[in-house]
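Residue 1 is where the sequence shown starts when you use UniProt numbering, and the numbers rise one by one after that. Beta carbons: idealized from backbone N, C-alpha and C, even for Gly. If you're wondering where the values come from, they're calculated on a predicted model, not measured in any experiment. First the structure, in the form of structure tokens, and then the observations on it.
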Amino acid sequence: MTAHRHPAVHSPDHRTDPAALKDPVCGMAVTEQSLHQAEHVGRTFYFCSAKCQGKFAANPLQYLAPAPAQEQAPAVAGTVYTCPMHPEIRQDHPGNCPKCGMTLEPLLPELDEQENPELQDFQRRFWWTLPLTVVVTVLAMFGHSLGWFDMAVQSWIELVLTVPILLWAGWPFFVRGAQSIMNRSPNMWTLISLGTGAAFVYSVVATVTPQVFPDSFLSMGRVAVYFEAAAVIISLTLLGQLLELKARSQTSAAIRSLLGLAPKTARRIGADGQEEDVPLGHVHVGDLLRVRPGEKVPVDGSVVEGSSALDESMLTGEPLPVTKRVGDKLIGATLNTSGALVMRSEHVGSATVLAQIVQMVAMAQRSRAPMQRMADQVAGYFVVGVVGAALLTFLGWGLFGPQPSWVYALINAVAVLIIACPCALGLATPMSIMVATGRGATHGVLFRDAAAIENLRKVDTLIVDKTGTLTEGRPTFERAIGFGGFSEDEVLRLAASLDQGSEHPLAAAIVAAAKQQGLVLEKPEQFDSESGIGVQGVVGSQQLALGNTALMQQLGVDVSPLATEAEALRGQGASVMHLAVDRTLAGLLAVSDPVKATTADALASLRQANIRVVMATGDGLTTARAVGQRLGIDEVHGEVKPADKLKLVERLQAEGRVVAMAGDGINDAPALARADVGIAMGTGTDVAMNSAQLTLVKGDLRGIATARDLSVATVANMKQNLAFAFVYNALGIPLAAGLLYPFTGWLLSPMIAALAMSLSSVSVIGNALRLRAARIQPGASHPSP
């Protein structure tokens with residue numbers, strides 16, 4: 001969206017590479033068909049506009065300086081890379097996070113961004129080595145009973161098959177593990193690399209030099225090896241990374257959706273009156289642009305010619321188009337629904353409202369501290385403790401153990417590392433999340449990340465948008481009132497007959513209501529909607545006018561006889577139109593956005609959970625208060641912009657409240673991203689759903705109570721899983737270290753350690769699966785974990 005304002009030098013072979021052509025003044029891409037050209041030292045330069053051509057002609061050398069060194073780097077110039085888990089980490093080139101080892105990603109994605117290269121790399125590593133893992137596992141489990149090979153030969157076969165798994169598929173994990181040690185930031189990669197590395201090295205020694213082990217470690221004709229443990233851990237870790245990377249790619253979908261809203265080109269009117277379609281990046285402040293019916297407004301500006309109704313729902317959330325006339329402001333990416341406009345651009349690039357919303361969404365997403373941060377901190381201490389225990393075990397047995405003491409030292413140290421391998425700890429949270437998200441999906445509740453599940457149970461304040469969240473989000477005919485001898489049906493019939501010539505959503509609602517009631521409509525003649533405040537025309541032999549109070553005043557029609565009824569309908573949140581027949585008041589019609597049938601029940605259940613409900617809408621304050629009063633919402637904010645909703649979320653968070661935001665429009669996207677939990681309506685826009693952490697598929701607010709119950713049950717389940725994992729390690733590590741040997745003579749061989757490790761993982765998975773049977777009911781106060 002934004003132009004790169006840096007000097008550029010044309011490649012000498014640009015004629016063979018059209019993409020190399022750039023305006024040397026502003027850096028915009030141009031073609032040889034550009035009308036703006038200049039010769040300098042025997043070379044032809046092309047420009048996006050006369051302004052850039054004039055600047056170049058005045059001082060060519062200023063724009064032919066070599067590009068800065070940083071722009072010659074492979075990374076995109078100006079791109080900032082950050083860590084999804086540690087947003088404080090930022091740098092100007094790709095790499096891995098020094099804290100957690102995760103691959104850094106661009107702070108602000110591009111619209112045409114390709115698939116994550118790390119995801120492609122891990123997919124290749126996983127699928128190419130998965131068959132080897134399966135074969136190694138089958139041999140380890142059933143090889144002795146099948147009798148295909150001598151057991152010593154089988155150990156060599158397992159070694160050969162495991163080498164590519166460890167040294168190729170698992171290489172990124174060992175690199176991250178080494179980086180975690182060099183950066184003095186122990187994390188899960190430290191444990192994974194140490195655990196799998198220890199199992200592999202021990203197994204290699206047992207295969208190559210089995211004679212160094214005591215006879216007591218012989219089993220079925222060979223020293224027990226644990227190639228399958230190392231291979232399975234690597235494959236499972238790769239699978240987990242694939243799932244994580246695919247989920248992470250969705251975090252930038254909201255921003256890409258926003259970037260995709262802007263049109264790619266604009267129709268610029270030149271000084272000579274000629275019109276041409278130019279790339280959006282070539283539009284400058286002060287340019288005259290034509291916006292035809294059905295097109296999007298390219299940039300922010302103001303109307304200089306014509307009038308039309310514009311759909312601004314992407315920003316305001318209001319479903320009714322807004323009439324724009326000469327002098328009115330236009331917002332880029334809004335849709336021109338009817339008349340043609342000529343506008344003057346006032347804000348382009350990063351200065352437009354849409355670009356600012358993109359920035360707000362990006363910043364709000366990065367400002368969230370992921371749930372994994374606490375797990376990383378715990379894992380850091382855990383890693384240090386495990387490594388320390390393994391070293392003490394090795395030294396203790398080597399210096400003070402029975403002969404061969406250093407063999408016992410190696411075996412027991414490996415047993416400590418294997419039993420402490422973070423399989424159960426790593427599965428504790430993801431398994432609960434996987435089961436919970438599947439269970440939620442069956443109830444029409446879609447969680448986007450684990451942080452939403454963890455935080456939803458803490459929410460004490462809910463901000464709700466009105467249009468499309470509390471209400472249906474589409475205009476519906478409410479009622480007609482007749483006057484001066486005209487019946488309600490006749491008022492509706494005449495209005496619908498006239499509105500057949502209009503494409504306005506209010507008109508569509510009136511026409512649909514008349515057809516539903518079986519009224520016979522006539523074709524309008526001399527239809528006129530140029531005023532922007534209503535429509536006029538002839539139906540039969542009658543001159544009709546349908547519009548707001550301003551149109552009636554223009555025609556000299558007295559609307560005071562129905563003023564009380566009109567004000568009462570407005571107080572209920574309806575839009576009121578007056579119908580005049582031959583310049584005499586005949587009645588009025590009301591069209592409103594009805595409240596969803598489920599909204600009242602949903603709000604009641606939220607109040608029972610002691611959740612404070614706040615309404616924030618772009619609609620007028622009178623209409624907002626009317627809807628709020630009808631639903632029993634005391635705190636109502638009307639006529640708010642996207643930035644205002646974001647500030648409301650931040651203010652409530654500063655007061656110490658845990659805030660959830662529920663909305664369905666693009667105008668809600670920044671607040672949805674900044675809230676502790678963003679809740680999108682599945683009936684709303686893609687941008688809202690991509691910005692939110694929770695989507696209610698049916699757009700039913702009652703799903704919030706369901707999701708909250710599921711949150712409580714899931715967090716309890718995760719705590720149980722973590723307890724299982726730590727209890728296994730707390731009991732297993734001392735046993736593997738041989739602390740009971742002086743009293744009982746017990747030693748935990750690596751084989752038993754691997755079995756214990758597997759049992760801990762099985763217990764965690766089994767406990768997580770209990771969530772499938774958890775009692776999840778809207779309004780329930782104590783769901784079963």
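Practice problem: Would you grab the beta carbon distance between ILE233 and THR196 for me? Rounded to a whole angstrom, and I think it's under 8 Å. | Solution: 5 Å
Quiz item: Taking the runs of the alpha helix (DSSP H) that are 4 residues or longer, which of them lie wholly in the region 640 to 672?
Solution: 642 to 654
Quiz item: Hey, how far is the Cα of ILE89 from the Cα of LEU769?
Solution: The straight-line gap from Cα to Cα measures roughly 36 Å.
Quiz item: What whole-angstrom Cβ distance do ALA514 and LEU546 have, given they're in contact under 8 Å?
Solution: Rounded, the Cβ-Cβ distance is 13 Å, inconsistent with contact.
Quiz item: How would you call GLY766, buried or exposed, if buried means at least 16 neighbouring beta carbons within 10 angstroms?
Solution: exposed
Quiz item: For LYS596, does the three-state DSSP call read helix, strand or coil?
Solution: coil
Exercise. Could you say which of LEU410, MET343, VAL326 lies nearest to LEU288 if we only look at CA atoms?
Key: It is MET343 whose Cα lies nearest to the Cα of LEU288.
Self-check item: Nearest-angstrom Cα separation, counted from ALA736 out to ALA231
Solution: 22 Å
Quiz item: Is LEU648 near LEU631, with beta carbons less than 7 Å apart?
Solution: no
Self-check item: When SER560, LEU694, GLN554, VAL591 are compared against GLN572, the one with the closest alpha-carbon
Solution: That would be VAL591, whose Cα lies nearest to the Cα of GLN572.
Self-check item: For HIS282, three-class secondary structure by DSSP
Solution: helix
Exercise. Ignoring anything shorter than 3 residues or poking outside the region 513 to 583, list the beta strand (DSSP E) runs there in chain order.
Key: 525 to 528, 534 to 539, 542 to 547, 574 to 581
Quiz prompt | Reduced DSSP secondary structure (H/G/I, E/B, other) of VAL201 | solution = helix
Exercise. Counting only the same chain and skipping the five closest in sequence on each side, list residues whose C-beta sits under 6 Å from that of ILE463.
Key: VAL614, ALA616, MET661
Quiz prompt | C-beta contact flag for ALA271 and PRO298 at 7 Å | solution = no
Quiz item: In terms of alpha-carbon separation, which member of LEU194, LEU238, GLY327 lies closest to LEU417?
Solution: LEU194
Quiz prompt | C-beta atoms of ASP300 and ILE331 nearer than 7 Å | solution = yes
Practice problem: Measure the alpha-carbon distance for ALA8 versus GLU276 and round it to whole angstroms. | Solution: For ALA8, the predicted model reports a pLDDT of 33, less than 50, meaning its position is unreliable; a value from the coordinates is still stated below. Their Cα atoms are separated by approximately 25 Å.
Exercise. Hey, could you find the ends of the beta strand (DSSP E) ALA309 is sitting in?
Key: 308 to 311
Quiz prompt | DSSP-derived helix/strand/coil call for TYR81 | solution = strand
Quiz prompt | Outcome for SER11 when other beta-carbon atoms lying within 10 angstroms are tallied against a minimum of 16 | solution = At SER11 the pLDDT is 33, less than 50, meaning the model places this residue with poor confidence and gives no usable figure here.
Quiz item: Alpha carbon to alpha carbon, what distance is there between MET718 and VAL76?
Solution: The predicted model places VAL76 with a pLDDT of 43, which falls under 50 and marks its position as unreliable, so this point remains unresolved.
Exercise. Would you please state the rounded distance, in angstroms, between the beta carbons of ALA730 and ALA609? I believe it to be under 8 Å.
Key: That pair is no contact at about 36 Å.
Self-check item: Three-way DSSP call (helix, strand, coil) for THR617 in this model
Solution: coil
Quiz item: If you run the structure through DSSP and keep just helix, strand and coil, what is VAL225?
Solution: coil
Exercise. Go to ASP287, then tell me how far its alpha helix (DSSP H) extends in each direction, as first and last residue.
Key: Premise fails: ASP287 is in no alpha helix (DSSP H) and is neither H nor E.
Quiz item: Taking the DSSP output, what are the residues bridged to GLY587?
Solution: GLY482, LEU579
Quiz item: At what residues does the alpha helix (DSSP H) containing THR162 begin and finish?
Solution: Run containing THR162: 151 to 164, per the alpha helix (DSSP H) assignment.
Practice problem: Determine the contact status of THR476 and PRO594, defining contact as a CB-CB distance below 7 Å. | Solution: Yes, the pair counts as a contact, with Cβ atoms nearer than the cut-off.
Quiz item: Thinking just about the alpha-carbon of each residue, which of HIS282, GLN526, LEU562 is nearest to the one in ILE481?
Solution: LEU562
Quiz prompt | Cβ-based neighbour list, ALA654, same chain, cut-off 7 Å, excluding 5 preceding and 5 following | solution = none
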